[in-house]
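> If you read the sequence shown in this note's numbering, its first letter stands for residue 147, the second for the next number, and so on. Backbone N, C-alpha and C fix where the C-beta goes; we use that ideal spot for every residue, glycine too. Quantities reported herein were computed from a predicted structural model and do not represent experimental measurements. Here it is: the structure, laid out below.
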Amino acid sequence: MPRINGILYSYCGLVCSFCKAFREGECKGCDVHAGVCEFAKCCIRRGLRCCFECKDFPCKLHSEGFIWETEEFGKLKWKVYSDVFLSIFKKAK
């Protein structure tokens, strides 16, 4: 997982260093989930450290999210950012 100035973050842009689930070992991080997380797969395929580096951010994947089937929590609708947050980024382009 990438770091900037010592801060660990995920492919989708969440700051893992601030996340209690990650710090306490509940979340194993992107490296463990890279094969099933659509954000991670896309970044890896494009050679990016994070979605924010992509010229297409925010894309359809961000606005729609994806279904992520997990052993721990069952089916999740994984959508990281709110529609308001995404609209701000789209206007800034």
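If we count the other Cβ atoms within 10 Å of its Cβ and call it buried at 16 or more, is SER156 buried or exposed?
With 16 or more Cβ atoms within 10 Å of its Cβ, SER156 is classed as buried.
> Quick check on the DSSP output: the beta strand (DSSP E) that includes LEU232 runs from which residue to which?
Element bounds for LEU232: not the beta strand (DSSP E) but the alpha helix (DSSP H), 229 to 238.
> Please identify the residue among GLY220, TRP224, LYS239, ILE234 whose C-alpha is closest to the C-alpha of ALA186.
It is TRP224 whose Cα lies nearest to the Cα of ALA186.
> Spatial neighbours of GLY159 within its chain, please: C-beta separation below 6 Å, excluding the five flanking residues on both sides.
For GLY159, where only same-chain residues beyond five positions count, the Cβ hits under 6 Å are CYS196, CYS197, PHE198.
> For the candidate residues VAL161, LYS166, ILE150, PHE235, whose alpha-carbon lies nearest to that of CYS205?
If we check each option's Cα against that of CYS205, PHE235 comes out closest.
> In this structure, what does DSSP give as the bridge partners for ILE153?
ILE153 pairs with ILE150.
> Going by other Cβ atoms of all chains shown within 10 Å of its Cβ, with 16 needed for buried, is PHE231 buried or exposed?
Counting Cβ neighbours within 10 Å, PHE231 comes out exposed, since fewer than 16 surround it.
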